[in-house]
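FYI, in this note's numbering the residues of the sequence shown are 4 to 357.
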Amino acid sequence: MLKSTIGPMLSTLYPQKLFPIKLASFCSALPRSPPIVRQNTSTNIPTIETPSYKLPPTSAYVHLPFCRKRCHYCDFPILALGSSSTETADNDPRISNYIHLLIREMEATQTNFNQHPPLEIVFFGGGTPSLVPPRLVAKVLDTLRSKFGLCLDAEISMEMDPGTFDAKKLKELMGLGVNRVFLGVQAFQEELLKACGRAHGVDEVHEAIEIINSCGVTNCSLDLISSLPHQTQEMWEESLKLTVEANPNHVSVYDLQVEKDTKFGSLYIPGSASYINGTRYSRPKKLKDYTDYVKNLEGGLVDLSQEGDDVDKWEMAMDIVMLSLRTSKWLNLKSFGDNFGSEVVVEWACGVFG
């Protein structure tokens with residue numbers, strides 16, 4: 004499973020249409036060309052020279068870390084709200100306080116993108132973003148729109164779990180511009196959902212699919228997990244059959260990776276980051292540490308040029324390949340080759356296909 008951390012940051016991506024990378028920040032703006040050197044976005048600190056071919060950001064990833072409970076395979080930075088959170092989320096101060104903190108960080112982050120094209124893609128990941136009330140999602144979109152600009156026809160995606168939304172909430176989100184749904188099904192068998200600690204059951208899966216179809220969502224993806232404990236070949240084939248019958252536009256299949264700090268890790272044996280100019284950045288995993296980080300950022304005490312780890316071309320290329328499959332545009336091989344070179348494409352293909 005992919006990892007992520009708390010906090011917003013700026014990231015990079017590549018020509019043509021962007022693949023929104025599910026990396027480490029609560030909000031990552033992604034430029035479309037792979038810069039080589041770091042760029043400092045802090046106040047009162049000189050900007051390091053960047054290559055002339057660097058293009059402006061066209062994509063934003065927003066991490067909303069709230070879940071009803073932690074699944075047994077999950078080592079993401081999340082905040083478990085409790086089993087009754089679906090009914091109480093509208094007035095949960097933990098959600099509203101976090102959204103306020105996220106907006107403060109976006110507003111405190113100095114950018115030089117004001118003269119460039121607006122965002123083409125916004126991806127709300129988590130966590131379970133569908134637990135967040137639409138009125139708070141609207142505030143995040145308003146901030147993105149005012150800070151970076153947002154295309155009228157932008158692809159706005161949201162990860163949603165069965166049992167966390169009804170037709171009314173989905174229609175409200177669609178009214179805000181959400182036009183792509185990633186439904187976290189994971190399995191179609193009750194025993195498997197219980198085994199991996201999911202908060203929903205099979206009936207809620209079918210209900211969620213019906214709601215999505217009845218509300219007129221035309222771009223929907225279903226998420227499945229393979230290699231789950233106790234998952235038989237017959238179960239997997241049934242899940243695939245029911246997925247096909249649901250007729251989604253896209254299917255994401257994740258082969259289970261057991262992480263040591265999870266329930267599965269204790270039974271059977273946090274985060275990724277955003278890119279700026281070829282450097283990977285992350286934010287604190289704990290909400291209190293993230294709060295302190297935002298306060299320091301607002302006070303001009305954070306020097307982004309001194310943070311982050313350099314990422315080599317191969318590692319960045321592999322991240323792009325894997326994570327681009329989460330978007331409707333998939334991987335543009337020509338753009339990929341232009342940016343990384345044909346030798347990386349050949350090496351990647353040989354490594355994957357043997």
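Each residue gets a CB set at the ideal place from its N, CA and C atoms; glycine is no exception.
N- and C-terminal bounds of the beta strand (DSSP E) containing residue i
i, result
"threonine 61", "60-67"
"tyrosine 257", "253-258"
"alanine 157", "153-163"
"leucine 231", "Element bounds for leucine 231: n/a, residue is neither H nor E."
C-beta contact flag for residue i and residue j at 7 Å
i, j, result
"leucine 122", "leucine 153", "yes"
"threonine 89", "threonine 167", "yes"
"leucine 176", "proline 137", "yes"
"leucine 139", "leucine 179", "no"
"histidine 75", "glycine 200", "yes"
"cysteine 223", "isoleucine 215", "yes"
"glycine 129", "glutamate 162", "yes"
"threonine 131", "aspartate 78", "no"
"alanine 92", "leucine 134", "yes"
Residue i - DSSP class collapsed to helix/strand/coil
i, result
"histidine 209", "helix"
"glutamine 189", "strand"
"glycine 130", "coil"
"leucine 82", "strand"
"arginine 71", "coil"
"valine 143", "helix"
"serine 28", "At serine 28 the pLDDT is 32, less than 50, meaning the model places this residue with poor confidence and gives no usable figure here."
"glutamate 262", "coil"
"valine 181", "coil"
"glutamine 19", "Confidence at glutamine 19 is low in this model, with a pLDDT of 28, below 50, so the placement of that residue should be treated as unreliable; the coordinate-derived value is given next. Here glutamine 19 sits in coil by DSSP."
"aspartate 226", "strand"
"valine 220", "coil"
"valine 125", "strand"
"threonine 89", "helix"
"phenylalanine 168", "coil"
"threonine 46", "Annotation note: pLDDT 42 at threonine 46 (below 50); position unreliable, coordinate value reported separately. Residue state, collapsed to three classes: coil."
"valine 135", "coil"
Anticipated Cβ contact below 8 Å, residue i with residue j, distance rounded
i, j, result
"serine 160", "phenylalanine 185", "6 Å"
"leucine 67", "phenylalanine 126", "Rounded, the Cβ-Cβ distance is 11 Å, inconsistent with contact."
"alanine 211", "serine 86", "Contact doesn't hold; Cβ gap of about 17 Å is too wide."
"alanine 198", "histidine 233", "6 Å"
"leucine 270", "proline 251", "The Cβ separation is near 31 Å, so there is no contact."
"leucine 290", "tyrosine 64", "At roughly 18 Å, the Cβ-Cβ gap does not stay under 8 Å, so leucine 290 and tyrosine 64 are not in contact."
Extent of the continuous alpha helix (DSSP H) run through residue i
i, result
"arginine 201", "Counting along the chain, arginine 201 falls outside any alpha helix (DSSP H), and DSSP gives it neither H nor E."
"threonine 294", "290-301"
"glutamine 96", "It should be pointed out that residue 96 corresponds to proline in this sequence rather than to glutamine. Start and end: 96-111."
Residue-chain proximity (residue i, chain B), Cβ-Cβ < 7 Å
i, result
"lysine 244", "Given the protein chain composition of this structure (a single chain), no chain B is represented."
Within the chosen definition, does the segment 224-235 reach the segment 255-268 through at least 3 CB pairs nearer than 8 Å? They touch, by the three-pair rule.
With a threshold of 8 Å, are at least 3 pairs of Cβ atoms found where one atom belongs to the segment 288-304 and the other to the segment 105-112? Segments in contact, yes.
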